[in-house]
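Residue numbers (the numbering used here): 4 to 394.
So the structure is just underneath, and the comments pick up after that.
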Amino acid sequence: MMIPSVLPTYSRAPLNFVKGEGSWLIEADGRRFLDMGSGIAVTLLGHANPILVKALTGQAEALWHVSNLYEIPGQKELADRLVDATFADTVFFTNSGTEAAELAIKMARKYWHDKGQPERIDIVTFEGCFHGRSTAAIAASGAEKMVKGFGPVLPGFTHVPFGDHDALRAAVTDQTAAVLVEPVMGEGGILPLPDQCLKGLRDLCDETGALLILDEVQCGMGRTGKLFAHEWAGISPDIMMVAKGIGGGFPLGAVLATEEAAAGMVVGTHGSTYGGNPLATAVGNAVMKVVADEDFLGEVNRKAGALRQKLEGLLAEHPDTFESVRGAGLMLGIRCKPPVAEVVQAAYDQNLIVVPAADNVIRLLPALTITDEDIAEAVRRLDQTARALKS
Numbered sequence: 004m005m006i007p008s009v010l011p012t013y014s015r016a017p018l019n020f021v022k023g024e025g026s027w028l029i030e031a032d033g034r035r036f037l038d039m040g041s042g043i044a045v046t047l048l049g050h051a052n053p054i055l056v057k058a059l060t061g062q063a064e065a066l067w068h069v070s071n072l073y074e075i076p077g078q079k080e081l082a083d084r085l086v087d088a089t090f091a092d093t094v095f096f097t098n099s100g101t102e103a104a105e106l107a108i109k110m111a112r113k114y115w116h117d118k119g120q121p122e123r124i125d126i127v128t129f130e131g132c133f134h135g136r137s138t139a140a141i142a143a144s145g146a147e148k149m150v151k152g153f154g155p156v157l158p159g160f161t162h163v164p165f166g167d168h169d170a171l172r173a174a175v176t177d178q179t180a181a182v183l184v185e186p187v188m189g190e191g192g193i194l195p196l197p198d199q200c201l202k203g204l205r206d207l208c209d210e211t212g213a214l215l216i217l218d219e220v221q222c223g224m225g226r227t228g229k230l231f232a233h234e235w236a237g238i239s240p241d242i243m244m245v246a247k248g249i250g251g252g253f254p255l256g257a258v259l260a261t262e263e264a265a266a267g268m269v270v271g272t273h274g275s276t277y278g279g280n281p282l283a284t285a286v287g288n289a290v291m292k293v294v295a296d297e298d299f300l301g302e303v304n305r306k307a308g309a310l311r312q313k314l315e316g317l318l319a320e321h322p323d324t325f326e327s328v329r330g331a332g333l334m335l336g337i338r339c340k341p342p343v344a345e346v347v348q349a350a351y352d353q354n355l356i357v358v359p360a361a362d363n364v365i366r367l368l369p370a371l372t373i374t375d376e377d378i379a380e381a382v383r384r385l386d387q388t389a390r391a392l393k394s
């Protein structure tokens, strides 16, 4: 059997979407699907948002690419916006969350090298985490399905069970460079880290000197009802990874850091040909103008409350199909009783897009601009999904 022209590393659904409008995707055959996945938390302002279309096409008519050998005004503008809105003093732009993970790990290790403690290389992570698929990122995960077959795993990573405080404290030693965690675990099954745990983690890092790296690639950019999820706990990281929603669908990522944490990253220590290019940052600036607005975030919280309430009613109606709902804001997971693949397929049959995750969970990651009508329709289609699974 000949290998396909597209490397077969994905198990793709037989769906061919040719157009998007807000929270809807149109298949080549004309069927309209309600999109509760947003390209895995990416199209946070919906498909074909006119604000983003205008930003992208306007920039495309002016300048596409120059490389980071030169100043890029839009990049500086977006960095200033992020610095003004967050804990960070400085920003490096990437094209993806995986690239952001690579830099975050490099930055933490370089920090300790420059402090005269090069032995502090260990990064503590949590079982079930997902930080990308590069060599460093799969080592950070440590899961067999991520590392099997890829040769020697990059050393310097310690994995502790999610929620095991004693194991975490024992794992953070004088060899630890940083602790890396998602405030809301995404691929791992929509598991929020409780505020008190995030505060305790910040205290532990302060006590030991370890840097705190937050992966907000999936849970950031307004998805939980704050610009970034860690804000709910009232703490700040030293380094933070951002991607997905920051580009609204255009490839864009970033690493945000304090001046102290980033001090070792001087000329020549890192780079990217495309990162922060004029097209990406034009869209990123347009996204930030919308998402960083408090009124917009207030609407996200209102919609999240409405969706959560409707989902709780759905669970009560279908206890044989849906076991529990969890998450934060418009980053919700439903733990299912039938195999998650069956639930996802049954949802496709109702022209509804949901995203699978670990722990037999389906993810609901709608556009932050989803309407109340579309929220009600999504729950109606989930109801039909459950009824179909029972029949």
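Idealized CB from N, CA, C, for every residue including glycine.
query                                                                                                                                                                    : result
Starting from D125, trace the beta strand (DSSP E) both ways and give me its first and last residue.                                                                     : 125-129
Is the beta carbon of V269 sitting closer than 8 Å to the one on A107?                                                                                                   : no
List in chain order: all unbroken beta strand (DSSP E) runs of 3+ residues lying wholly within the region 39-73.                                                         : none
Find out if the Cβ-Cβ distance for the pair V187, G287 is shorter than 8 Å.                                                                                              : no
Quick one, are the C-beta atoms of L28 and I356 less than 8 Å apart?                                                                                                     : yes
Beta-carbon separation of A260 and T374 under 8 Å?                                                                                                                       : no
Thinking just about the alpha-carbon of each residue, which of N98, Y73, L392, P53 is nearest to the one in F253?                                                        : N98
Which of the three DSSP states, helix, strand or coil, is assigned to F253?                                                                                              : strand
What separation, rounded to the nearest whole angstrom, lies between the Cα atoms of M110 and V69?                                                                       : 25 Å
Between E376, Y351, E380, which lies nearest to R15 when the distance is taken from Cα to Cα?                                                                            : Y351
Tell me which residues share the same chain as A34 and place their Cβ nearer than 8 Å to its Cβ, disregarding the 5 neighbours each side in the sequence.                : In the sequence on display, residue 34 carries Arg and not Ala. Excluding residues within five positions, the ones whose Cβ falls inside 8 Å are N354.
Quick one: is T89 buried, meaning 16 or more other Cβ sit within 10 Å of its Cβ, or exposed?                                                                             : buried
Can you tell me whether DSSP reads A180 as helix, strand or coil?                                                                                                        : strand
Any idea which residues DSSP pairs W27 with across the strands?                                                                                                          : E24, L37
Could you tell me the alpha carbon to alpha carbon distance between T46 and E297, rounded to whole angstroms?                                                            : 20 Å
Which word fits S26, buried or exposed, when buried means at least 16 other C-beta atoms lie within 10 angstroms of its C-beta?                                          : buried
Quick one: give me the first and last residue of the beta strand (DSSP E) that P359 is part of.                                                                          : 358-360
On the three-state DSSP scale, how would you describe A260?                                                                                                              : strand
Does chain B have any CB closer than 8 Å to the CB of L18?                                                                                                               : The chain labelled as chain B is not found in the depicted structure, where only one protein chain is given.
Identify the residues that DSSP records as bridge partners of P342: which are they?                                                                                      : Answer is none; P342 lacks a bridge partner.
Going along the chain, which residues of its own chain have a beta-carbon closer than 6 Å to the beta-carbon of S137, five neighbours each way excluded?                 : T101, E105
Where do the ends of the beta strand (DSSP E) carrying S144 lie?                                                                                                         : S144 -> not in any beta strand (DSSP E); alpha helix (DSSP H) instead, spanning 138-144.
Spell out a yes or no on whether the region 270-279 and the region 36-46 are touching, meaning 3 or more CB-CB pairs, one atom from each, closer than 8 Å.               : no
Between the region 50-70 and the region 278-293, are three or more C-beta pairs nearer than 8 Å?                                                                         : yes
Within the same chain, show all residues whose beta-carbon is closer than 7 Å to that of F133, passing over the 5 residues directly before and after it, in chain order. : S144, G189, E190, G191
Among T388, E302, L371, E326, which one has its Cα closest to the Cα of N52?                                                                                             : L371
If you pair each beta-carbon of the region 223-238 with each one of the region 300-308, do three or more pairs fall below 8 Å?                                           : yes
Pick helix, strand or coil for R226, following the three-state DSSP scheme.                                                                                              : coil
Please list, in chain order, all residues of the same chain as A379 whose beta carbon is under 8 Å from its beta carbon, the five residues on each side excluded.        : K313
Classify E326 as helix, strand or coil using the three-state DSSP reduction.                                                                                             : strand
Please classify L10 as buried or exposed, where buried requires at least 16 neighbouring CB atoms within 10 angstroms.                                                   : exposed
Closest to T324 by C-alpha separation, out of L194, G159, E302, S394, would be which residue?                                                                            : S394
Could you pull the DSSP bridge partners for G336 from this structure?                                                                                                    : R329, R366
Beta carbon of F129, beta carbon of F165: below 8 Å?                                                                                                                     : yes
Less than 8 Å between the beta carbons of M334 and I238, yes or no?                                                                                                      : no
In whole angstroms, give me the CA-to-CA distance for F95 and G250.                                                                                                      : 14 Å
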